[in-house]
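Participant: Dumping the structure here so I can ask a few things about it.
Numbering (my numbering), first residue to last: 1076 to 1350.
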């Protein structure tokens, strides 16, 4: 397996929450992210996008729970992990959640390595909630040069994603970049910038061992992260959507929440992002 190429896919969903719950208030404080600990290139990528913030917020989307907002507990991307008990929403919860729609790749051998296209489908659903119902997954895979035998390079996901977000925006927004988190501080910074500050999901590569539903299977994978939260004790969590079908060896739920340390261990072994 080539480094940076991913064989199954997981989508992670993260959204910033201030008041959590149907009418639950959450303190405005959030996880501290120290730019001094972040790789210079990652900081530069945020600076490149700072001028796009106002335009990004004008693009119609599925919504998000950021600082000062209430969490819509009826959103599938919130309700599913909450019903499983992995995502806990309390008055003390801080962070953010970007609403997305669930998707599972076709459950056959031909689509066993379509995790990049699956993750992109979930991410795009933030701007088009019906996209998972109408996506031509083979066409989307072709646009990102996906090889059914080995997967896709994460850098090749950027353009197809931006093309569809641009179409929703009606302008050349090009919000997403190809990045590589070298440290947990880098990754935390990415989560904070995209999910907590701007209420949009991102995509990351992982290795699957240690993640729910994978057992001892350890393969390169791609997920869409849509939630980044912190509990009253300061423990951080990541919520994501795993679009892998059973034919790829995955036996978990579509929406998952794990603590940041566990998730970073998975990311650090195969780190590349669309953020």
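Ideal Cβ positions, reconstructed from N, Cα and C, are used throughout, including at glycine.
1) Per the DSSP calculation, residue 1169 is bridged to which residue(s)?
2) Once the 5 residues before and after residue 1129 are set aside, which same chain residues still bring their CB inside 7 Å of it?
3) Just grab the DSSP bridge partners of residue 1330 for me.
4) Hey, how far is the Cα of residue 1318 from the Cα of residue 1178?
5) Would you call the stretch 1277 to 1295 in contact with the stretch 1238 to 1249, where contact means no fewer than 3 C-beta pairs closer than 8 Å?
6) Between residue 1298 and residue 1312, is the Cβ-Cβ spacing less than 8 Å?
7) Work out the CA separation of residue 1267 and residue 1104 for me, nearest whole Å.
8) Taking the C-alpha atoms as reference points, what is the distance between residue 1099 and residue 1221?
9) With distances taken between CB atoms, is the gap from residue 1244 to residue 1346 smaller than 8 Å?
10) Roughly how many angstroms lie between the CA atoms of residue 1193 and residue 1180, to the nearest whole one?
11) Quick one: give me the first and last residue of the alpha helix (DSSP H) that residue 1279 is part of.
12) Report buried or exposed for residue 1165, applying the criterion of at least 16 other Cβ atoms within 10 angstroms of its Cβ.
13) Assuming residue 1173 and residue 1276 make a contact with CB atoms under 8 Å, what is their CB distance in whole Å?
14) Look up residue 1189 in the DSSP assignment and say whether it is helix, strand or coil.
15) So the candidates are 1254, 1235 and 1263; which of them puts its Cα closest to the Cα of residue 1109?
16) Taking only three categories from DSSP, how would you classify residue 1126?
17) Tell whether a beta-carbon distance below 8 Å holds between residue 1228 and residue 1136.
18) When you compare each of 1328, 1253, 1175 and 1115 to residue 1208 by their alpha carbons, which one comes out closest?
19) Kindly list the residues whose CB is nearer than 8 Å to the CB of residue 1155, restricted to its own chain and excluding five residues on each side of it in sequence; keep chain order.
Facilitator: The answer reads as follows:
1) 1305, per the DSSP bridge assignment.
2) Excluding residues up to 5 positions away in sequence, nothing lies with its Cβ nearer than 7 Å to the Cβ of residue 1129 in the same chain.
3) For residue 1330, which the question treats as bridged, DSSP gives the partners 1316.
4) Their backbone Cα atoms lie some 6 Å apart in a straight line.
5) With the rule of 3 Cβ pairs closer than 8 Å, the stretch 1277 to 1295 does not count as touching the stretch 1238 to 1249.
6) No, they are not a contact pair.
7) In this prediction, residue 1104 has a pLDDT of 46, which is less than 50 and means its spatial position is unreliable; what the coordinates show is noted afterwards. If I take the Cα positions, the gap works out to 13 Å.
8) With a pLDDT of only 36 at residue 1099, under the threshold of 50, the placement of this residue in the model should not be trusted; the figure read from the coordinates follows. Whole-angstrom Cα-Cα distance: 43 Å.
9) In this structure, residue 1346 does not lie closer than 8 Å to residue 1244 by Cβ.
10) Going by the C-alpha atoms only, they are around 6 Å apart.
11) Where residue 1279 is concerned, there is no enclosing alpha helix (DSSP H), although the beta strand (DSSP E) it sits in stretches over 1277 to 1282.
12) Exposed, by the Cβ-count rule.
13) About 5 Å; that satisfies the 8 Å criterion.
14) Coil.
15) Residue 1109 has its Cα closest to that of 1263, out of 1254, 1235 and 1263.
16) DSSP places residue 1126 in the helix class (H, G or I) of the three-state scheme.
17) No.
18) Closest option to residue 1208, judged by alpha-carbon separation, among 1328, 1253, 1175 and 1115: 1175.
19) Same-chain partners within the cutoff: 1177, 1328, 1329 and 1330.
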